[in-house]
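K.L.:
Once you've had a glance at the structure underneath, I'll fire off some questions.
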Amino acid sequence: MKPTQQKSFDTAAFKQSVKKHLTSTYATTEERASSRSWYLAMGSALAELTTFDMLQTEQDSKINNAKSVNYLSLEFLIGRLTGNNLISLGLYEQVSQAMTDLGQSLTDLLEEERDPSLGNGGLGRLAACFMDSLAAQEFPTVGYGLHYEYGLFKQSFVDGHQQESPDAWRCVEGYPWEIARPELAQEIGFYGHVEVYQEEGKEKRRWIPGMSVKAMPWDLPIVGYQSDTVYPLRLWECRAIAPFSLASFNNGDYFEAQHALIDAGNITKVLYPNDNHEKGKTLRLMQQYFHSAASVRDILRRHEEAGHTLASLPKYETIQLNDTHPTIAIPELMRILIDEKGLGWDEAWAISSETFAYTNHTLLPEALETWSESLIERLLPRHMEIIYHINHLFLQEVRRKWPGDVAKQQKLSIIEEGFHRMVRMANLSVIGSYAVNGVAALHSQLVKRDLFPEFDDLYPSKLQNVTNGITPRRWLKFCNPDLSELISSRIGNEWPAHLEQLEQIAQYADDAEFQQQFMAVKKRNKQRLADWVKEHLDVELDTKAIFDVQIKRLHEYKRQHLNMLHILSLYHRLLNDPEFDMVPRVVFFAAKAAPGYHLAKDIIFAINKIAAKINHDPRIGNKLKVVFIPDYRVSIAEIIIPAADVSEQISTAGKEASGTGNMKMALNGALTIGTMDGANVEIREEVGDDNIYIFGLDVNEVVSLRSNGYNPFDYYHADPLLKASLDLLLGDEFTSGEPDRLRATYDSLLDGGDPYLCLADFASYVQAHQDMDRQYRDQSSWAKKAILNTALVGKFSSDRSIRDYVNNIWKLEAIER
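Mind the numbering: the sequence shown is residues -6 to 810 in our numbering, read in order.
Structure below.
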């Protein structure tokens, strides 16, 4: 990376551009313009700068003749772009002053931006961090995603229940940072049949789609930190090729006139349509194929326009599959190479199998994606033929390795036998890729040991590890400016591009003055969060309390309900044990539950009902508050994470692939309370046992407990505190006059068998919290631990993750501009 540089900036020209956009683009005047109009005008003026740099990067011959990575992900949870781009451009102060000159506050204008709702959770946020780090280190890249009209959903609470409403993130005026690229549009087919024909005496096959749509690309700029490099995040929007039938309209059939438009629009209408019915499954697979096919065609277009041969595709392009959602890209590339480009199978497979790499994100068998064979056959008939042939050749390889072992063939086959035959996308990804990686050291070990042991035997060097990371630009420099300034005052300002330099901060961990400054920053961040909660939720918070934070997707394996049990235990003890004393505590949740995941929604309801009672119970004297922040998104995380004292990373050991919230909060000086799961294991290695609170069963103990027969009732009857806490869910303590309204969670933990071992880990979890409570009373000691967390997690920069990919998998070279 080049040394830190300041981008040249003409303040007068920028202000003129803002005013021009205010009038010519958004049709208002300086006198009448709203804050939103000013934000849009400012964003449009800034986007002119990045679009120019993006086109220059795109046309750079050095880049076109270097190897690129193409990052395929159905999710990119990028967060608001304006503030982060100003940081990367090195223009934050200049633009702030320019907007002040125009009578506007940059801080207020940034609040007008709605988060682009292009992702759900960790997978999408990781993809965004990786794009940031690729651009920051100037490794040639294009990100490929979908241009959803509506994101996951906007979440609100009505009587404690999650309510979902559409998230139209672009709003009516559009999004100032995106630019349409109609000249790069692609045509994508579905359904139809496979035609067999003769050519030069050989039998050939081609797919005749029954339905075709247009993939319209929109580019968002991914701005390299303090450089002129801007790579595109290319998002495909589905449009009808002929969106309107004038003949049907003139015949009075107004719905039929727009039928093609409606069908096409559905494909990119919503992120993750509910797929617990057949139409939803079809739509989800259509999304995946639409995304993969448009991306593969664009990659081949760029490759051939640069003058490269098809045989050299692996030399110039890597296609990284972020989980199995884009796996259908493998048979799609094979189809194009064989059916459209005229290559033989062996030649095509040699190219394809050296082009794809696959990242696995889950150990949960139920989360490994499978598709009905009949659905693929109907929707993508030629692709199903190709999958069959890939599987046929692969099973020959399995038979050579394990002759006569039918069980091995059944386990490794892409086709899962059964009443409804299913296509295993993870198996296809492993077979069709030259590298497969897990996302934390423990996760990658378990992928080899438990998930894909036979594949590891068959391909000993294919399965690798790349521990996840987070971008320090957004997750410290931008979201925590006070801490960033304090760090820079001691070690200089190069650390956002070299996070390992934070280790120098460790020398100040015992320094009383630095401790006071560090904790003063934390106090200001807690006050900012408390102000937000007061303004939006009307709950008064004491910033002297421990801010205890669990923010992540709502899922049983992440165990928000274990956290809830601990809250119930504190409440019970505050009411019934006169000897019990605790440091005041605020427990924060932020999480969305999938619309069809009923138990997750019941857990949200229970937490909200418990919070409503506790927050207004005069008997506990404000010792305990519970806050569930609705509509969790990146911009909310940017307020919560700098304010966290405690980071809850409490998944059942062996279930969380990595986690990245754990990294973000540790980087911002929070202490982790967690299991030996995912990246917690590596965080512990970095910060040391004294600066993290580990509890609960480890992976081997989980396996042992389950194999010996786990009975949650044994723990329930043996632990009076656990029993008293759980029993609070049965009466009407939190649902006045309506007993048993919280029973669903209670039943899942007892009669439901407690599949994620909350009750087994409860006592250890309570003890870890008591240890933490004691430690917090010694603020100097706590400050030292918090400082060391910030100082010692430099390993978890996504810049390092990307260098690991580059060196071990992708083999790229940085191209400076």
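We put the CB at the ideal spot given by N, CA and C, even for glycine.
(1) Whole angstroms are fine: how far does the CA of H154 sit from the CA of P623?
(2) To the nearest angstrom, how far is it from the Cα of T100 to the Cα of E809?
(3) Tell me, please, whether the region 673 to 683 touches the region 138 to 153 by the rule of three or more beta-carbon pairs shorter than 8 Å.
(4) Let's see if you can read the secondary structure: which residues bound the beta strand (DSSP E) around C231?
(5) The beta strand (DSSP E) that contains K207, what's its start and end?
(6) What do you reckon, are the CB atoms on T352 and L314 nearer than 9 Å?
(7) Under 8 Å: do the region 312 to 327 and the region 57 to 67 share three or more Cβ pairs, one atom per stretch?
(8) Return the CA-CA distance between E166 and L721, expressed in angstroms with no decimal places.
(9) Please return the same chain residues whose Cβ sits closer than 6 Å to the Cβ of R198, not counting the five positions on each side in sequence.
(10) Indicate whether the contact test is met: 3 or more Cβ pairs, each with one atom in the region 781 to 790 and one in the region 582 to 597, closer than 8 Å.
(11) Given a cut-off of 9 Å on the beta-carbon distance, is the pair I544 and A584 in contact?
(12) Please report the distance separating the alpha-carbon of Q494 from that of G787.
(13) Does DSSP put T653 in a helix, a strand or coil?
(14) With A233 and V206 assumed to form a contact (beta carbons below 8 Å), what rounded beta-carbon distance in angstroms separates them?
(15) Under a three-way DSSP split, which group does I666 fall into?
(16) Counting only the same chain and skipping the five closest in sequence on each side, list residues whose C-beta sits under 8 Å from that of N113.
(17) Please list, in chain order, all residues of the same chain as A717 whose beta carbon is under 6 Å from its beta carbon, the five residues on each side excluded.
(18) Tell me which residues share the same chain as L698 and place their Cβ nearer than 8 Å to its Cβ, disregarding the 5 neighbours each side in the sequence.
(19) Keeping to the same chain, check which residues put their C-beta closer than 6 Å to that of I685; ignore five residues upstream and five downstream.
(20) Look up F150 in the DSSP assignment and give the residues it is bridged to.
(21) Please determine, among I632, V627 and K657, the residue with the shortest C-alpha to C-alpha distance to E641.
(22) Grab the span of the alpha helix (DSSP H) containing N704 for me, first residue to last.
(23) What did DSSP end up calling F688 once you bin it into helix, strand or coil?
(24) Could you compute how far the alpha carbon of L111 sits from the alpha carbon of V532?
(25) Mapping the DSSP letters down to three states, classify E310 as helix, strand or coil.
(26) Using three-state DSSP, classify W775 as helix, strand or coil.
(27) Do three or more CB pairs link the region 78 to 85 to the region 211 to 221 at distances below 8 Å?
(28) In the DSSP assignment, what residue or residues form a beta bridge with K618?
(29) Would you mind stating whether Y427 and K455 have Cβ atoms separated by less than 9 Å?
(30) Reducing DSSP to helix, strand and coil, say where E829 ends up.
(31) Quick one, which of G397, G662, I344 and T355 has its alpha-carbon nearest L479's?
(32) Of all the options T320, R375 and R163, which has the alpha carbon lying nearest to the alpha carbon of A350?
(33) Could you tell me if T4 is buried or exposed, where buried requires 16 or more neighbouring beta carbons within 10 angstroms of its beta carbon?
(34) According to DSSP, is L805 helix, strand or coil?
(35) So does the region 593 to 604 actually touch the region 732 to 739, counting three or more Cβ pairs closer than 8 Å?
(36) Whose CA, out of E649, A523, V135 and L555, lies closest to the CA of I632?
P.N.:
Inspection of the coordinates gives the following:
(1) 11 Å
(2) 32 Å
(3) no
(4) V223 to A233
(5) M204 to V216
(6) In this structure, T352 lies near L314, with their beta-carbon atoms less than 9 Å apart.
(7) yes
(8) 49 Å
(9) V187 and V189
(10) no
(11) yes
(12) 7 Å
(13) T653 falls in the coil class under three-state DSSP.
(14) 6 Å
(15) For I666, the secondary structure class from DSSP, reduced to helix, strand or coil, is strand.
(16) E68, L70, L145, L264, Y265, R546 and K585, listed in sequence order.
(17) H565
(18) L690, L750 and A753
(19) Excluding residues within five positions, the ones whose Cβ falls inside 6 Å are T665 and R677.
(20) Q155
(21) K657
(22) Element bounds for N704: n/a, residue is neither H nor E.
(23) Coil, per DSSP.
(24) Take the alpha-carbon of L111 and the one of V532: they are about 30 Å apart.
(25) E310 sits in a strand when the DSSP states are folded into three classes.
(26) helix
(27) yes
(28) In the DSSP output, where bridge partners are listed per residue, K618 has V579.
(29) Yes, they are a contact pair.
(30) Residue coverage of the chain in this structure runs from -6 to 810, which leaves residue 829 outside it and unanswerable.
(31) G662
(32) T320
(33) With a 10 Å radius around the Cβ and a threshold of 16 neighbouring Cβ atoms, T4 comes out exposed.
(34) coil
(35) yes
(36) A523 is the residue among E649, A523, V135 and L555 whose C-alpha sits nearest the C-alpha of I632.
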